[in-house]
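Following: one structure in structure tokens, then a few remarks.
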Amino acid sequence: MTAVNTAGLETKFCQFDDALVVTEGRVIEGYASLFGACDQGGDVVQPGAYGRSLKALQTAGRNVKMLWQHDPAQPIGIWDEVREDRKGLWVKGRLLDSIEKGREAAALIEAGAIDGLSIGYRTVRAHKDDQGRRLLSEVELWEVSLVTFPMLPQARVDAQEAAQAKGDILHELATVFQDARRKLAAREPR
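Note that the sequence shown covers residues 1 to 190 in this note's numbering.
Take a look at the structure:
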């Protein structure tokens with residue numbers, strides 16, 4: 001699901017896999033979003049959706065924030081690189097080992113207890129396709145968080161294509177829930 005808080009911030013979750021890169025106990029990198037992949041909430045981010053937002057942040061001299069579990073009171077690091085490529089939104093950053101939560105996050109990642117990324121954003125432009133999916137063509141990216149539960153299981157740090165995620169139990173479970181949601185929505189009177 002896409003979660004929405006009272007300030008209009010939406011979030012999407014992605015999951016690291018075993019190839020999560022953690023260097024020197026604090027440098028992390030991976031994909032926070034994959035283009036064309038339908039998440040558990042029925043949303044699909046389109047190529048180029050982050051471009052305008054990333055350019056605006058750069059022009060203003062600001063960065064995408066690295067938070068712990070979407071909590072704005074808990075920044076845990078710095079994203080040094082955030083860019084779109086042909087696969088999705090790639091991020092590379094540093095956990096701050098000078099703060100307790102940054103050290104905790106590094107330990108949890110290294111132990112395999114935390115393996116998810118989630119984006120916090122505001123939808124600027126989107127439309128529904130004939131399958132009822134929301135296609136996000138422009139979003140305003142606010143933050144990328146480390147999270148416990150991912151929303152987009154096939155977004156992987158080792159840059160696997162979304163199609164390679166077929167057979168992944170989380171991907172299959174997301175597909176089952178998505179299909180059930182569509183069937184229930186089709187039965188509801190409008």
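Where is the CB? At the ideal position from N, CA and C, for every residue including glycine.
Beta-carbon proximity check, L89 vs S53, cutoff 8 Å:
It is not a contact, given that the beta carbons lie outside the stated cut-off.
State yes or no: is the C-beta of A106 within less than 8 Å of the C-beta of L95?
Taking 8 Å as the Cβ cut-off, A106 and L95 qualify as a contacting pair.
Tell me whether the stretch 65-80 and the stretch 37-55 touch, counting them as touching only if at least three CB pairs, one residue from each stretch, are closer than 8 Å.
With the cut-off at 8 Å, the stretch 65-80 and the stretch 37-55 do not touch.
From V27, T148 and E143, pick the residue whose C-alpha is nearest to that of R62; which is it?
With distances taken between Cα atoms, R62 lies closest to E143.
Measuring only between beta-carbons, confirm whether Q46 sits less than 8 Å from chain C.
Among the chains in the structure shown there is no chain C, since it carries only a single protein chain.
Let me know the beta strand (DSSP E) ranges lying completely inside the stretch 94-160, each 3 residues or longer, listed in chain order.
Counting only unbroken stretches of 3 or more residues, the beta strand (DSSP E) elements lying wholly within the stretch 94-160 are 116-128 and 134-147, in sequence order.
Assign G112 to buried or exposed, taking buried as 16 or more other Cβ atoms, counted over all protein chains shown, within 10 Å of its Cβ.
By the 10 Å Cβ count, G112 comes out exposed.
Please report the distance separating the alpha-carbon of I114 from that of K65.
Straight-line Cα distance between these residues: approximately 18 Å.
Proximity of D43 and L136 at Cβ, strictly below 8 Å
Against a cut-off of 8 Å, the Cβ pair of L136 and D43 comes out as a contact.
Assigned secondary structure, L9 (DSSP; H/G/I helix, E/B strand, else coil)
Note: L9 maps to coil in three-state DSSP.
Please go through the same chain and pick out, in chain order, the residues whose beta-carbon is closer than 7 Å to the beta-carbon of G77, but skip the five residues on each side of it.
Contacts found: M66, G93, R94, L95, L96 and G102.
Less than 8 Å between C-beta atoms, sequence neighbours within five positions excluded: which residues of the same chain meet that for D85?
Within the same chain, no Cβ atom closer than 8 Å to the Cβ of D85 is found once the five residues on either side in sequence are excluded.
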